[in-house]
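> Below is a structure I'd like to ask you about.
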Amino acid sequence: MTRLKAFFLCLLSGLSCLFAQDPLSAMGEPPAKGVYDPMGWLEVSKKAELEQRFVERKEQSKAPIFVAVLPQRPTDGSESLARRLGRKWAQGETWGVILHVVGDAQSPWCAAEGAKRLAAASEDEMRQATQEAMRRAFLQPDQDVRVMVGALELAVELDALESRYRNQQDLSGGSALSSITGSPGFFVQRVVVISVILLLLLIIVINVLRSKREEDRGPGYLFPETSHRSRFSGPWSGGGDALVRFTDLKPRR
Amino acid sequence: MRNDPKALLGREILNAQDFAQSPMVCPGCYFSVSAPVEQCPRCHFSGKRLVDKYVFDAPDLERYVDPHGYLPERSRGRIDQVLDDLESDFPQVRISICIVDLLAEVDPREFGFWFFNASKVYSETEAQRRAWTVLLALDDQNARASVTKGYGIEPFLSDASLEELLWNERELFLEKDYEAGVFNFVEGLEELLESSAARAEKILKKRRRFWSRKGGRR
Chain A
4 MTRLKAFFLC LLSGLSCLFA QDPLSAMGEP PAKGVYDPMG WLEVSKKAEL EQRFVERKEQ
64 SKAPIFVAVL PQRPTDGSES LARRLGRKWA QGETWGVILH VVGDAQSPWC AAEGAKRLAA
124 ASEDEMRQAT QEAMRRAFLQ PDQDVRVMVG ALELAVELDA LESRYRNQQD LSGGSALSSI
184 TGSPGFFVQR VVVISVILLL LLIIVINVLR SKREEDRGPG YLFPETSHRS RFSGPWSGGG
244 DALVRFTDLK PRR
Chain B
-10 MRNDPKALLG REILNAQDFA QSPMVCPGCY FSVSAPVEQC PRCHFSGKRL VDKYVFDAPD
50 LERYVDPHGY LPERSRGRID QVLDDLESDF PQVRISICIV DLLAEVDPRE FGFWFFNASK
110 VYSETEAQRR AWTVLLALDD QNARASVTKG YGIEPFLSDA SLEELLWNER ELFLEKDYEA
170 GVFNFVEGLE ELLESSAARA EKILKKRRRF WSRKGGRR
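Quick mapping for you: the protein sequence lines, in order, are chains A and B.
Taken in order, the first sequence gives residues 4 to 256; the numbers are from our numbering.
Taken in order, the second sequence gives residues -10 to 207; the numbers are from our numbering.
Below you can see the structure in the form of structure tokens.
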């Protein structure tokens, strides 16, 4: 009987795992102002301040920061969920996510990733950035302040990485170009521009050669005017005797 | 061969016989006549009789007269290049290419004579150009070809040399490769006109020398 009970419990838990809704899908679209807090855990004024900072930052930075507040720890781990959230919401940009679980003393968690154009920043640098942000966040005793500080510090770290990357590219020049020119779109543009220039040059050369040829040709030759040997009542031609049968083996003349 | 067209404006009309390279031949019986005649003394051929024979109207004498479309647009584009070159080098001369299916009993030379003369002349420009037109008539049905010339260009092109040009392209024409055949023919015609122009200049020079010796008009 005990074995049967255990079996049903296992079956139920297995089924519940199968049909459990993925928290990621439940969280839907990225929050417009960067803060996902459906339970209203953050004080309204703090949330507004955070959102205001994110909105201001959005105009200058391409690396969005998100804050997500959850009622309980996700089954697949907080950091993993933070990473998945960032990838989903940021859509290819460099991003950072601060994930907070209400009532969890270890909160918040932090994750960040660099976009392709930030490929120069290594994983180590990203890890250092998140660690530094968290270190400063955990200096705060209150969890809500921790979340805010963590988010803002992470933003500062990511912006620093972005600007360092940009400077490196500006200094190296060629490599910066290569990272931009490496994109297929730029290559196609370059090919089109070069083709158009070559085509224009070709047209100019052809026209110059043609006009030169026309000059070389001169006005042409005019045969002398002669009297018309009008005959057989033909007003324009008296006919001729040039005839060839293509099947003939020998010429007539 | 070049000359200054302006210098030739209002020039004297010379005797065609001084330049003529071919005898005058009746398009009906191919009998040679020594002087222009209204009717062939042998077969009584004349244009008027021919009009009765060909009961339909002649089409316009254009660059291409090709009712069955033996020369598609692409081919015409290629031939146009050599025709334009030729007509630029010899501004008086115009070439017309006619590809038709004739009855076996109709001789292309006779057809050429009829078409050349029966085709309507609508303008003064056309009237001036008609005498300098060279008509290449190709008979696809019977694998034949002839060349008919207007009175203006006639003294400078011999039938024998035109026939030689046609003969050189006979294999292409027999294979119905009209694009290549006509292209080569026009190129050959341009060379022929070059040598004719050189010959004409020689004759003119001789005439000038003759008249300067005589102290006459030239």
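We put the CB at the ideal spot given by N, CA and C, even for glycine.
To which residues does DSSP link B:M13 through a beta bridge?
Within the second sequence, numbered from 1, the residue matching residue 13 of chain B stands at position 24. According to DSSP, which records beta bridges pairwise, B:M13 is partnered with B:V22.
> Name, please, each residue of chain A whose Cβ falls closer than 8 angstroms to the Cβ of B:A189.
In the second sequence, residue 189 of chain B corresponds to position 200, counting from 1. Result: F226, P227.
> Which residues share a DSSP beta bridge with B:C32?
Start at 1 with the first residue of the second sequence, and residue 32 of chain B comes out as number 43. Bridge partners of B:C32: none, in fact.
> How would you write the range of the beta strand (DSSP E) that B:K138 sits in, first residue to last?
Looking up residue 138 of chain B in the second sequence gives position 149. Residues 133 to 138.
> Output needed for B:V175: all residues of its chain with C-beta closer than 8 angstroms, excluding positions within five of it in sequence on either side, in chain order.
Looking up residue 175 of chain B in the second sequence gives position 186. So the list reads I68, V71, L72, L75, I84, once near-sequence residues are dropped.
> Assuming contact is defined by CB atoms lying nearer than 8 angstroms, are A:P77 and A:M42 in contact in what I supplied?
One-based indexing of the first sequence puts residue 77 of chain A at position 74. One-based indexing of the first sequence puts residue 42 of chain A at position 39. No; because the gap between Cβ atoms is not below 8 angstroms, this pair is not in contact.
> Along the chain, which unbroken stretches of the alpha helix (DSSP H) at least 4 residues long are found entirely within the stretch 36 to 112 of chain B?
Entirely contained in the stretch 36 to 112 of chain B, the alpha helix (DSSP H) runs reaching 4 residues are, in chain order, 36 to 42, 62 to 78, 97 to 107.
> Could you give the DSSP three-state label for B:A187: helix, strand or coil?
The sequence position of residue 187 of chain B within the second sequence is 198, counting from 1. Helix, per DSSP.
> As a quick exercise: from B:N106, B:D90, B:C15, B:S35, pick the residue whose alpha carbon is nearest that of B:D46.
Reading the second sequence from its first residue, position 57 is the one you call residue 46 of chain B. For B:D46, the nearest C-alpha among the options comes from B:N106.
> Could you please give the first and the last residue of the uninterrupted beta strand (DSSP E) stretch that includes A:G99?
Residue numbering aside, residue 99 of chain A sits at position 96 when the first sequence is read from its first letter. Its beta strand (DSSP E) spans residues 98 to 104.
> May I have the straight-line CA-CA distance separating A:L212 from A:F235, to the nearest angstrom?
For the purposes of this step, residue 212 of chain A is identified with residue 209 of the first sequence, where counting begins at 1. For the purposes of this step, residue 235 of chain A is identified with residue 232 of the first sequence, where counting begins at 1. Using only the alpha carbons, I get a separation of about 48 angstroms.
> Using only the alpha-carbon positions, how far apart do A:G37 and A:R87 sit?
Position 34 of the first sequence holds residue 37 of chain A. Position 84 of the first sequence holds residue 87 of chain A. Going from the Cα of A:G37 to the Cα of A:R87 covers about 15 angstroms.
> Quick one: grab the DSSP three-state call for A:W239.
As a working note, residue 239 of chain A is residue 236 in the first sequence. The answer is coil: DSSP assigns A:W239 none of H, G, I, E or B.
> Among the candidates B:F8, B:E51, B:D55, whose CA atom is the shortest distance from the CA of B:S108?
Counting from one through the second sequence, the residue named residue 108 of chain B turns up at place 119. When only C-alpha atoms are compared, the closest one is B:E51.
> List the endpoints of the continuous alpha helix (DSSP H) containing A:D127.
Translated into the one-based positions of the first sequence, residue 127 of chain A becomes position 124. A:D127 -> alpha helix (DSSP H) spans 126 to 140.
> Sort out for me which residues DSSP pairs A:R248 with in a bridge.
The residue labelled residue 248 of chain A in the question sits at position 245 within the first sequence. BP columns for A:R248 point to B:R133.
> Does any C-beta atom of chain A lie closer than 8 angstroms to the C-beta of B:P144?
Sequence index remark: in the second sequence, residue 144 of chain B carries index 155 (1-based). Closer than 8 angstroms to some Cβ of chain A, the Cβ of B:P144 qualifies, so yes.
> Name, please, each residue of chain A whose Cβ falls closer than 7 angstroms to the Cβ of B:G36.
Indexing the second sequence from 1 puts residue 36 of chain B at position 47. By Cβ distance, chain A contributes F235, S236, G237.
> Taking B:D128 as part of the beta strand (DSSP E), name the residues at either end of that continuous run.
Locating residue 128 of chain B in the second sequence gives position 139, counting from the first residue. Run containing B:D128: 122 to 128, per the beta strand (DSSP E) assignment.
> Could you work out which residues of chain B lie near A:P254, taking near to mean beta carbons separated by less than 8 angstroms?
Counting from 1 along the first sequence, the entry for residue 254 of chain A is found at position 251. Within 8 angstroms Cβ-Cβ: E152, E153, W156.
> A:A93 lies in the alpha helix (DSSP H); which residues open and close that run?
Mapped onto the first sequence, residue 93 of chain A falls at position 90. Where A:A93 is concerned, the enclosing alpha helix (DSSP H) stretches over 81 to 93.
> In whole angstroms, what is the alpha-carbon distance linking A:S230 and B:K194?
Along the first sequence, one-based indexing puts residue 230 of chain A at 227. Along the second sequence, one-based indexing puts residue 194 of chain B at 205. Cα to Cα, the separation comes out at about 19 angstroms.
> Could you compute how far the alpha carbon of B:I23 sits from the alpha carbon of B:Q117?
Translated into positions along the second sequence, residue 23 of chain B becomes position 34. Translated into positions along the second sequence, residue 117 of chain B becomes position 128. Reading off the sequence, residue 23 of chain B comes out as Ser, not Ile. Their Cα atoms are separated by approximately 26 angstroms.
> Less than 8 angstroms separating the beta-carbons of A:A114 and A:V100?
Along the first sequence, read from residue 1 onward, the residue named residue 114 of chain A stands at position 111. Along the first sequence, read from residue 1 onward, the residue named residue 100 of chain A stands at position 97. Yes.
> Would you say B:R98 lies against chain A (beta-carbon separation less than 8 angstroms)?
In the second sequence, counting from the first residue as 1, residue 98 of chain B sits at position 109. So yes, B:R98 belongs to the interface.
> If we ignore side chains and look at the alpha-carbon of each, how far apart do B:A132 and B:E164 end up?
On the second sequence, position 143 is the one that residue 132 of chain B refers to. On the second sequence, position 175 is the one that residue 164 of chain B refers to. Those two C-alpha atoms are separated by around 10 angstroms.
> Any beta-carbon of chain A closer than 8 angstroms to the one on B:V171?
Stepping through the second sequence from its first residue, residue 171 of chain B is reached at position 182. For B:V171, the answer is no, since every Cβ of chain A falls outside 8 angstroms of its Cβ.
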